[in-house]
Amino acid sequence: SRIGIMARDGSTADIRWFRGPAVYVYHSLNAYSEGDTVVVDLCVYPRVPLFPNADGSRAPDDLADAPAHLERWTFDLSANTDQFKRETLDDLATEFPRIDDRWTGLKHRHGYTGAILREKLPGSPFDTLVHFDLAKGTRETWTPGPGDFVMEPVVAPKGPGEANGYVLTLVYRSVENRSDLVVLDAQNVKAGPIAVAKLPVRVPFGFHGNWLAA
Numbered sequence: 239s240r241i242g243i244m245a246r247d248g249s250t251a252d253i254r255w256f257r258g259p260a261v262y263v264y265h266s267l268n269a270y271s272e273g274d275t276v277v278v279d280l281c282v283y284p285r286v287p288l289f290p291n292a293d294g295s296r297a298p299d300d301l302a303d304a305p306a307h308l309e310r311w312t313f314d315l316s317a318n319t320d321q322f323k324r325e326t327l328d329d330l331a332t333e334f335p336r337i338d339d340r341w342t343g344l345k346h347r348h349g350y351t352g353a354i355l356r357e358k359l360p361g362s363p364f365d366t367l368v369h370f371d372l373a374k375g376t377r378e379t380w381t382p383g384p385g386d387f388v389m390e391p392v393v394a395p396k397g398p399g400e401a402n403g404y405v406l407t408l409v410y411r412s413v414e415n416r417s418d419l420v421v422l423d424a425q426n427v428k429a430g431p432i433a434v435a436k437l438p439v440r441v442p443f444g445f446h447g448n449w450l451a452a
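Going by the working numbering, the sequence shown opens with residue 239, and the numbers climb by one from there.
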C-alpha cells in the first residue's frame, strides 16, 4: 500500500508518500493533523473484499471471513522515513464508519459504525450499530431483533459539543419486508431507540447518507 499526504494549500508536487503492507480500505472514519503529525482512523481489510481473487477464483464472504477492523494510522511528516505507525483500535468486524460531521478534519473522540455480531447469513448486511469512545477506548452496541439489519449510522446534532445529538439508521425488518428509521441517543446507543419512524415499504440497502438541518 502507498499513502500520499498533501497539504491542503499545496499541490501534487508536494505529496509525501508512505509505504505499508498490502491491505485495503473502503472507508475512513476521520483524519486530523497535530503539528507535523497526521492521524487517520479507518476500517482496514486484509485483502480487497467483494471482488474475485487475483487469479480469478471466487473469494470468500469477506464480511464474515476477512472483515475490516478499525485501525489508527499515524504519520510523522518530520521524520526521514516512509514508514508509519499502525494501531488496532478494536477487534470487532466493522464498517461504514461515521463521526459527527462537524468534527471532520478535527481531532475526534466519537465514532459510529455498523458491525456483525450475530451469525453472518449469505447476503446479509450488518446487524449491530456500534459507538466507539476513542478517548476511553470503549465501545457500546445496539442490536435490533432477529432478522433485523442496520444500515450506515448518521449523526444529527442537537447542540454544541461533539456527538451531542442523535444517531439515525435505517433498520430493515426482514420478517415484515419493510424498513424503519430508528433514532438513538448518540451518547447512549445501547439504550436502544428513543424514536422510530415506521415506514410502509422496504428501503433497499444503500451505502451512505447525510443529515441536513432544516
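For glycine and all other residues, C-beta sits at the position ideal for the given N, C-alpha and C. Source: prediction; values computed, not measured.
Given residue i as reference, the closest of the options once Cα atoms are compared
i: G447; options: E357, I337, P382 and F370; result: I337
i: V392; options: M244, G444 and L372; result: G444
i: W449; options: G352, G403 and A304; result: G403
i: R246; options: Y264, H265, A269 and V263; result: A269
i: P363; options: V405, R411, A429 and K396; result: R411
i: P395; options: A304, V421, G383 and S266; result: V421
Buried or exposed (CB count within 10 angstroms, at least 16 for buried), residue i
i: E272; result: exposed
i: I432; result: exposed
i: A424; result: buried
i: E333; result: buried
i: V434; result: exposed
i: F289; result: exposed
i: P335; result: buried
i: A452; result: exposed
i: A353; result: buried
Proximal residues to residue i (C-beta, below 7 Å), its chain only, five neighbours per side dropped
i: E400; result: D338, W341, H346, R347 and H348
i: R416; result: L437, P438, V439 and R440
i: A429; result: D423
Residues near residue i in its chain [Cβ-Cβ closer than 6 Å; skip 5 each side]
i: M389; result: T407 and L408
i: I369; result: It is His, not Ile, that sits at residue 369 in the sequence shown. Closer than 6 Å at the Cβ level, and outside the excluded window around H369, lie Y350, E378 and V427.
Chain-order list of residues whose beta-carbon lies under 8 Å from that of residue i (same chain, five-residue window excluded)
i: F322; result: I241, F256, G258, W311, T312, F313 and D314
Is there contact here, the stretch 318-334 with the stretch 368-377, by at least three beta-carbon pairs under 8 Å? yes
Residue ranges of each beta strand (DSSP E) within the stretch 245-280, 3 or longer: As far as the stretch 245-280 is concerned, its whole beta strand (DSSP E) runs of at least 3 residues are 254-257 and 262-272.
Counting pairs of beta carbons, one from the stretch 278-287 and one from the stretch 243-263, are three or more of them closer than 8 Å? yes
What are the uninterrupted segments assigned as alpha helix (DSSP H) that are 4 or more residues long and contained completely in the stretch 302-378, given in chain order? none
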